Amino acid sequence: MEPGTGALAVKIMTTLLVVLLALAFILFLTSLMRLRRVERDLVGLYNKLQPVHLPALLNLLNPEDLSFLRANLRKPDFVQVKRQRTRALIDYVRRIALNAKVLTSLGELYRYSPLPDVAAAGQLLVSRALMTRILALRTLLCLQIELVLPLFDTNLVSTIKAYEAARTRLEGISSTSLVLH
Amino acid sequence: MRPTLLQELLWISGPVLQSVVAIAIIHRRLLKVVPIFWSYTFFHVALAVVSYAAARVSYRTYFYVYWGAEIVDMVLTLLVIQELFRHAFAPYGAIRSLGQVLFRSAALMMIVFSILLATIGKGKVSPRPLVDSLISLERSVHVFEIGVLFVLFLACRILGIVWQRLPFGIAVGIGLTLSGEAIAAALLAFLGTAGNQLYIWLEPMSCALATGVWAYYAISIDREAQFSSPGLSSTLLAEWNQALEHLLSRS
Numbered sequence: 014m015e016p017g018t019g020a021l022a023v024k025i026m027t028t029l030l031v032v033l034l035a036l037a038f039i040l041f042l043t044s045l046m047r048l049r050r051v052e053r054d055l056v057g058l059y060n061k062l063q064p065v066h067l068p069a070l071l072n073l074l075n076p077e078d079l080s081f082l083r084a085n086l087r088k089p090d091f092v093q094v095k096r097q098r099t100r101a102l103i104d105y106v107r108r109i110a111l112n113a114k115v116l117t118s119l120g121e122l123y124r125y126s127p128l129p130d131v132a133a134a135g136q137l138l139v140s141r142a143l144m145t146r147i148l149a150l151r152t153l154l155c156l157q158i159e160l161v162l163p164l165f166d167t168n169l170v171s172t173i174k175a176y177e178a179a180r181t182r183l184e185g186i187s188s189t190s191l192v193l194h
Numbered sequence: 009m010r011p012t013l014l015q016e017l018l019w020i021s022g023p024v025l026q027s028v029v030a031i032a033i034i035h036r037r038l039l040k041v042v043p044i045f046w047s048y049t050f051f052h053v054a055l056a057v058v059s060y061a062a063a064r065v066s067y068r069t070y071f072y073v074y075w076g077a078e079i080v081d082m083v084l085t086l087l088v089i090q091e092l093f094r095h096a097f098a099p100y101g102a103i104r105s106l107g108q109v110l111f112r113s114a115a116l117m118m119i120v121f122s123i124l125l126a127t128i129g130k131g132k133v134s135p136r137p138l139v140d141s142l143i144s145l146e147r148s149v150h151v152f153e154i155g156v157l158f159v160l161f162l163a164c165r166i167l168g169i170v171w172q173r174l175p176f177g178i179a180v181g182i183g184l185t186l187s188g189e190a191i192a193a194a195l196l197a198f199l200g201t202a203g204n205q206l207y208i209w210l211e212p213m214s215c216a217l218a219t220g221v222w223a224y225y226a227i228s229i230d231r232e233a234q235f236s237s238p239g240l241s242s243t244l245l246a247e248w249n250q251a252l253e254h255l256l257s258r259s
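Chains A and B, in that order, give the protein sequences. The first sequence runs 14 to 194 under my numbering. The second sequence runs 9 to 259 under my numbering.
Here you go:
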């Protein structure tokens with residue numbers, strides 16, 4: 014190799030890296046600008062809420078069922094069943110996390126309502142939804158660990174409690190704004 | 009070499025639009041909301057006047073004014089980004105401190121990355137070592153600031169934090185100008201004097217684009233949200249709540 018060829022290659026790579034990073038960032042910014050428009054559309058946000066079928070989630074979380082399976086199944090079979098259960102839980106918690114994100118956006122819109130009651134309720138919804146989102150993300154991480162180590166147990170109660178509080182708050186705002194209009 | 013008409017227009021459009029932004033911020037009583045960004049804007053307007061005067065004195069004067077201002081600009085940009093971090097997390101009492109932690113962590117990470125970039129990007133001995141060092145510094149600082157800003161955008165997306173209108177516009181504008189300047193500095197560092205023409209075009213273009221974005225977000229008023237609820241099924245909510253109550257009573 015000619016002397017200086019290596020240095021030139023490094024220089025080219027550094028330049029390419031910086032240019033590509035900057036271009037990727039510009040693309041990222043334009044996509045954010047587009048997404049922001051969607052996040053300000055109230056009807057669109059309500060449509061983004063995903064159904065969470067809670068009776069089915071309750072069935073999955075029944076501790077008695079899990080104890081029964083643990084006692085009666087061979088360990089490899091139990092591990093397989095537990096993994097299937099964890100996959101289903103991940104799907105539910107993902108929906109809860111997404112809904113919490115939508116609720117934050119909704120709360121943010123209501124926060125700027127000219128009606129003081131609606132604005133205050135919006136602020137509360139934002140706080141609760143954000144906390145739910147954080148809890149759901151933490152639970153998702155724990156569930157991913159549970160998928161790898163099936164004997165690890167994740168507690169979902171705090172996430173569901175927070176989700177319930179946020180949803181109740183949204184219900185409160187919906188009825189308030191309907192009464193006031 | 010005399011600048012073309014388009015270059016002059018580009019050069020003038022930046023300070024003119026920034027003056028508009030600075031006035032709009034005062035007019036809309038947003039000075040207390042974004043004081044550092046306003047200082048940044050005012051600095052750029054004042055710099056345009058000083059640079060114009062310096063260019064008439066001598067090239068040497070212009071050179072020192074330009075690079076001295078670039079260093080002040082790098083520091084001010086970082087302060088604006090810190091202000092944006094504060095803004096993004098301010099309405100959420102529970103995670104307000106997370107904003108500071110994130111800013112410091114991102115800054116630390118990006119400092120390491122930028123030093124690495126500056127070290128490996130150093131070329132052979134140059135006939136203009138001061139300019140090359142300054143360009144290399146500019147490129148590294150821009151990459152550092154892009155990284156910190158990216159962490160802010162990413163954290164907001166992950167947590168579902170919704171930006172207020174003006175801070176969002178400021179962040180997008182800062183991102184655009186940093187990206188354009190990083191590309192310009194990287195190409196200039198690689199091509200040397202041959203990249204001068206590219207640099208002369210890219211720098212003011214990215215600045216004009218960014219100031220356009222700032223002017224748009226500073227002047228236009230947010231579309232009013234429709235505060236009527238579009239039919240969220242109350243029976244569905246009641247059903248969910250009932251099921252949750254059942255679950256919580258069991259646990």
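Ideal Cβ placement from N, Cα and C applies to all residues, glycine included. Note that the structure is a prediction, hence the values are computed from the model and not measured.
If I'm right that B/PHE45 touches B/GLU91 with Cβ under 8 angstroms, what's the distance once you round it to whole angstroms?
Contact flag correct, Cβ pair sits at about 6 angstroms.
Please confirm if the segment 139-149 of chain A is in contact with the segment 103-113 of chain A, defined as three or more CB-CB distances below 8 angstroms between the two stretches.
Contact between the segment 139-149 of chain A and the segment 103-113 of chain A is present: three or more C-beta pairs spanning the two stretches fall below 8 angstroms.
Any C-beta of chain B within less than 7 angstroms: which residues of the segment 95-115 of chain A qualify?
Contacts with chain B (Cβ-Cβ distance below 7 angstroms) from the segment 95-115 of chain A involve ALA113 and LYS114, listed in chain order.
Taking Cβ positions only, does B/ALA233 come closer than 8 angstroms to chain A?
In this predicted model, B/ALA233 has a pLDDT of only 41, less than 50, meaning its place in the structure is not dependable; the value taken from the coordinates is given anyway. So, interface residue.
Which residues in the same chain have their Cβ closer than 8 angstroms to the Cβ of A/ASN72, if we skip the five residues on either side of it in sequence?
If we look at A/ASN72 and ignore the five residues flanking it on each side, its Cβ neighbours are ASP78.
B/ALA194 to B/SER228 span [Cα, whole Å]:
Looking at the two C-alpha atoms, the distance is approximately 34 angstroms.
DSSP state of B/VAL170 mapped onto helix, strand, coil
Looking at B/VAL170 - three-state DSSP - the assignment turns out to be coil, as it is neither helix nor strand.
Same chain, Cβ closer than 8 angstroms to B/VAL151, five either side skipped, listed in chain order:
MET118, PHE121, SER122, LEU125 and ALA190, listed in sequence order.
Pair every Cβ in the segment 209-225 of chain B with every Cβ in the segment 17-29 of chain B, then say whether three or more of these pairs are closer than 8 angstroms.
With a cut-off of 8 angstroms, the segment 17-29 of chain B and the segment 209-225 of chain B count as touching, because enough Cβ pairs lie within range.
Could you name the residues of the same chain whose beta carbon sits closer than 8 angstroms to that of A/LEU6, not counting the 5 residues immediately before and after it, in chain order?
The structure shown does not extend to residue 6 of chain A, since chain A spans only 14 to 194, so no value can be given for it.
Would B/GLY220 count as contacting chain A if we go by Cβ distances under 8 angstroms?
By this cut-off, B/GLY220 is not an interface position.
Hey, out of A/GLY135, A/LEU162 and A/LEU164, whose CA is closest to A/ALA179's CA?
When the alpha-carbon of A/ALA179 is set against those of A/GLY135, A/LEU162 and A/LEU164, the nearest one is in A/GLY135.
Between the segment 78-95 of chain B and the segment 174-189 of chain B, can you find at least three pairs of beta-carbon atoms closer than 8 angstroms?
Touching, per the Cβ criterion.
Answer with buried or exposed for B/PHE161, where buried requires no fewer than 16 other C-beta atoms within 10 angstroms of its C-beta.
Per the 10 Å Cβ criterion, buried.
Taking the alpha helix (DSSP H) that A/LEU153 belongs to, which residues open and close that run?
Per DSSP, A/LEU153 belongs to the alpha helix (DSSP H) from 129-161.
Alpha carbon to alpha carbon, what distance is there between A/GLU177 and A/LEU30?
Looking at the backbone, the Cα of A/LEU30 and that of A/GLU177 are separated by about 46 angstroms.
How would you list, in chain order, the residues of chain A whose beta-carbon sits under 7 angstroms from the beta-carbon of B/SER187?
Neighbours of B/SER187 on chain A, chain order: ALA35, PHE38 and ILE39.
Can B/TYR70 and B/ALA63 be called in contact, C-beta distance under 8 angstroms?
Yes, the pair counts as a contact, with Cβ atoms nearer than the cut-off.
For B/PHE93, the first and last residue of its enclosing alpha helix (DSSP H):
Note, B/PHE93: alpha helix (DSSP H), 67-97.
A/PRO64 - DSSP class collapsed to helix/strand/coil:
It is coil, neither helix nor strand.
Pick from A/ALA35, A/ILE25, A/ALA22 and A/THR28 that is closest to B/SER214, judged by C-alpha positions:
The residue with the shortest Cα to Cα distance from B/SER214 is A/ALA35.
Buried or exposed for B/HIS95, please, with buried defined as at least 16 other CB atoms from any protein chain shown within 10 angstroms of its CB.
Per the 10 Å Cβ criterion, buried.
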